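Structure first, commentary second.
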RNA sequence: GCCUCUGUAGCUCAGUUGGCAGAGCAAAUCCUUCAUACGGAUAAGGCCGUUGGUUCAAAUCCAACCAGAGGUACCA
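In the numbering used here, the protein residues as written are 225 to 769.
Laid out in structure tokens, this is it:
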């Protein structure tokens with residue numbers, strides 16, 4: 225039995241989840257379900273990222289506490305994931321006591337390492353907000369070209385800047401001028417870990433291409449040491465004297481959630497195996513998260529001790545666009561997961577984002593494509609094949625699976641699918657996996673047509689029975705092959721046919737009595753395309769006014 | 001500015017090491033009626049962004065250019 229850790233990215237708790245999050249995170253659940261079906265010990269963890277400036281700012285704007293705000297979104301996230309069938313072993317939050325305790329202990333030891341040092345540097349400070357500000361919360365003019373800019377980078381002339389070099393710096397939150405104060409912080413010497421980090425990338429050609437490219441870029445450009453602490457109220461207190469007023473920088477604690485959450489999941493029993501040499505670790509997130517998983521997390525682990533298991537597979541997706549445009553939460557141009565799950569079936573949503581996800585390059589969500597994917601592929605090809613076969617048996621064989629012999633060609637294809645689909649899932653090629661399964665479904669429909677059982681039913685009843693027997697075997701195996709992708713419908717079919725979800729060839733005996741079956745997927749009205757597209761257009765319209 | 005990615009059929013895209021351009025959808029014609037107006041077959045559709053180069057052979061490798069997207073470490 226292999227120990228598999230799957231870490232899904234921790235969504236940031238300052239706003240609702242949209243389809244982009246789901247597109248990046250769904251692969252984690254496919255991996256988890258697949259590895260469980262194979263018989264591996266799986267620990268699939270994630271949680272809500274609750275600390276940091278944006279949550280604090282949002283709380284201030286809403287007149288609520290940061291805890292209230294982040295708890296609100298945490299509950300919403302958990303509900304969305306549940307509805308979509310995410311099979312997390314633990315879904316927690318960074319503001320949980322278990323996580324905070326784990327992080328404080330981890331950091332205490334970390335500070336003793338040779339890779340952590342103290343440094344004083346000027347920090348932007350807003351008197352009116354009474355807080356220090358991160359670079360991107362300082363607005364000002366570029367000293368070189370005079371353009372209005374945000375943060376420490378000029379978009380128009382490309383100059384890399386420090387906030388203290390900006391002209392007329394103002395606070396992005398309240399608009400008042402900012403000053404600068406010296407502040408002492410702990411830094412992690414990422415640059416000193418250059419060789420280990422370089423060798424980590426070089427020894428993992430199976431990371432997604434974008435992860436390798438990003439990481440190499442950072443390494444080649446020269447790794448920069450990073451502050452581990454922040455002058456912020458809302459966060460985990462720094463466990464060091466002299467640092468009572470400071471908190472731990474979120475990227476120095478949220479990625480440790482993989483450890484703290486897997487510790488609670490394992491309840492101490494197999495935590496060591498899970499983080500030992502022979503485990504396998506997958507990290508599933510969007511490309512924006514790459515450096516934090518390939519540089520920061522390994523740096524923290526390496527600086528802490530020699531024994532932690534480093535990332536094996538980085539499943540970093542590209543971005544999802546919406547009707548050809550960039551999704552924008554601030555401008556409300558998005559489809560929210562909670563709205564989607566209210567109206568559409570979870571398997572339908574899962575199918576679309578897994579079959580059309582941003583695996584190797586940006587992908588687009590359009591209502592036209594979504595409705596087509598559901599009605600045409602999921603329902604028309606798969607649902608219909610299941611339905612036409614099983615209702616045929618119900619109608620003409622009294623619901624009893626007729627006598628028949630295995631179809632050698634189909635049987636061989638199924639054997640191959642278990643191998644290739646498994647390999648594709650493990651390597652992060654979810655689109656290819658689904659497309660292989662759906663090719664088989666198309667061939668199954670073709671088989672049904674060329675056998676025309678509705679004719680042999682009277683002309684050659686035993687041939688008719690044989691055809692349906694073979695169709696039932698195909699359905700049984702499809703249910704298992706699709707179970708990581710479409711858990712809800714697969715569970716239904718497995719229930720009807722009384723088969724397990726083990727990742728191996730299934731068979732249903734002749735004579736088995738089918739229960740009453742129902743339609744697998746509801747058809748989506750085509751008018752949805754127009755009404756939903758109109759809604760998005762009106763959002764764009766408002767934006768321009 | 002710099003870096004990365006993308007450009008292939010009307011649309012969405014696949015094309016792993018160079019070897020006769022592929023799939024799905026849409027549109028066309030036909031077959032079918034077991035099934036959720038569902039399924040199947042056939043044909044049609046392409047200057048593979050542009051221009052050069054390497055090669056017996058280039059969508060694929062190299063160079064330049066054009067167009068678009070993304071990134072450029074304390075925004076997740």
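The beta carbon of each residue, even a glycine, is placed where N, CA and C say it ideally should be. Note that the coordinates shown come from a computational prediction; the quantities given were computed from them, not determined experimentally.
Check whether the Cβ atoms of residue i and residue j lie closer than 8 Å to each other.
| i | j | result |
| --- | --- | --- |
| residue 681 | residue 620 | yes |
| residue 557 | residue 764 | yes |
| residue 549 | residue 753 | no |
| residue 570 | residue 333 | no |
| residue 361 | residue 427 | no |
| residue 510 | residue 248 | yes |
| residue 314 | residue 269 | yes |
| residue 484 | residue 301 | no |
| residue 438 | residue 515 | yes |
| residue 340 | residue 456 | no |
| residue 692 | residue 677 | yes |
| residue 472 | residue 331 | yes |
| residue 431 | residue 574 | no |
| residue 264 | residue 237 | no |
| residue 465 | residue 400 | no |
| residue 319 | residue 294 | yes |
| residue 409 | residue 489 | no |
| residue 625 | residue 703 | no |
| residue 617 | residue 738 | yes |
Pull up the CB-CB distance for residue i and residue j, whole angstroms please, since I reckon it's below 8 Å.
| i | j | result |
| --- | --- | --- |
| residue 608 | residue 597 | About 14 Å separates the two Cβ atoms, so there is no contact after all. |
| residue 417 | residue 523 | 5 Å |
| residue 786 | residue 450 | One cannot answer for residue 786 here, as it falls past the ends of the chain, which runs 225 to 769. |
| residue 748 | residue 599 | 6 Å |
| residue 259 | residue 228 | 5 Å |
What separation, rounded to the nearest whole angstrom, lies between the Cα atoms of residue i and residue j?
| i | j | result |
| --- | --- | --- |
| residue 584 | residue 686 | 48 Å |
| residue 226 | residue 648 | 18 Å |
| residue 572 | residue 565 | 10 Å |
| residue 769 | residue 555 | Note that residue 769 scores a pLDDT of 46, beneath 50, so its modelled location is shaky and nothing firm can be said. |
| residue 481 | residue 671 | 49 Å |
| residue 356 | residue 461 | 16 Å |
| residue 605 | residue 321 | 48 Å |
| residue 231 | residue 251 | 11 Å |
| residue 589 | residue 246 | 12 Å |
| residue 751 | residue 684 | 44 Å |
| residue 234 | residue 478 | 8 Å |
| residue 546 | residue 304 | 20 Å |
| residue 298 | residue 637 | 44 Å |
| residue 707 | residue 697 | 16 Å |
| residue 586 | residue 652 | 16 Å |
| residue 388 | residue 347 | 8 Å |
| residue 261 | residue 498 | 18 Å |
| residue 775 | residue 567 | Lying outside 225 to 769, the shown extent of the chain, residue 775 is not represented and no answer is given. |
| residue 476 | residue 528 | 12 Å |
| residue 390 | residue 402 | 11 Å |
| residue 669 | residue 582 | 29 Å |
| residue 448 | residue 440 | 13 Å |
| residue 731 | residue 745 | 24 Å |
| residue 601 | residue 394 | 53 Å |
| residue 336 | residue 458 | 25 Å |
| residue 415 | residue 244 | 33 Å |
For residue i, which option in the options has the closest C-alpha, if you only look at C-alpha atoms?
| i | options | result |
| --- | --- | --- |
| residue 650 | 239, 248, 235 and 255 | 255 |
| residue 726 | 700, 746 and 713 | 700 |
| residue 743 | 732, 760, 720 and 316 | 720 |
| residue 454 | 656, 495 and 463 | 463 |
| residue 623 | 713, 633, 304 and 741 | 741 |
| residue 204 | 267, 757, 749 and 285 | With the chain running from 225 to 769 in the structure shown, residue 204 is simply not present. |
| residue 728 | 644, 404 and 342 | 644 |
| residue 350 | 404, 391 and 601 | 404 |
| residue 757 | 594, 616 and 674 | 594 |
| residue 539 | 436, 284, 716 and 272 | 436 |
| residue 695 | 661, 576 and 634 | 634 |
| residue 424 | 399, 713, 338 and 443 | 443 |
| residue 323 | 429, 446, 494 and 275 | 275 |
| residue 253 | 512, 578 and 665 | 578 |
| residue 309 | 713, 429 and 458 | 713 |
Continuous alpha helix (DSSP H) assignments of at least 4 residues falling wholly in the segment 466 to 527: 481 to 490 and 495 to 498
Secondary structure, beta strand (DSSP E): runs of 3+ residues fully inside the segment 268 to 340: 314 to 317
Whole runs of the beta strand (DSSP E) within the segment 536 to 572, excluding any shorter than 3 residues: 537 to 541 and 544 to 546
Alpha helix (DSSP H) runs wholly inside the segment 637 to 697, at least 4 long, in chain order: 654 to 675 and 677 to 683
Secondary structure, beta strand (DSSP E): runs of 3+ residues fully inside the segment 605 to 629: none
Ranges of the alpha helix (DSSP H) found wholly within the segment 697 to 768, counting only runs of at least 4: 711 to 721 and 751 to 768
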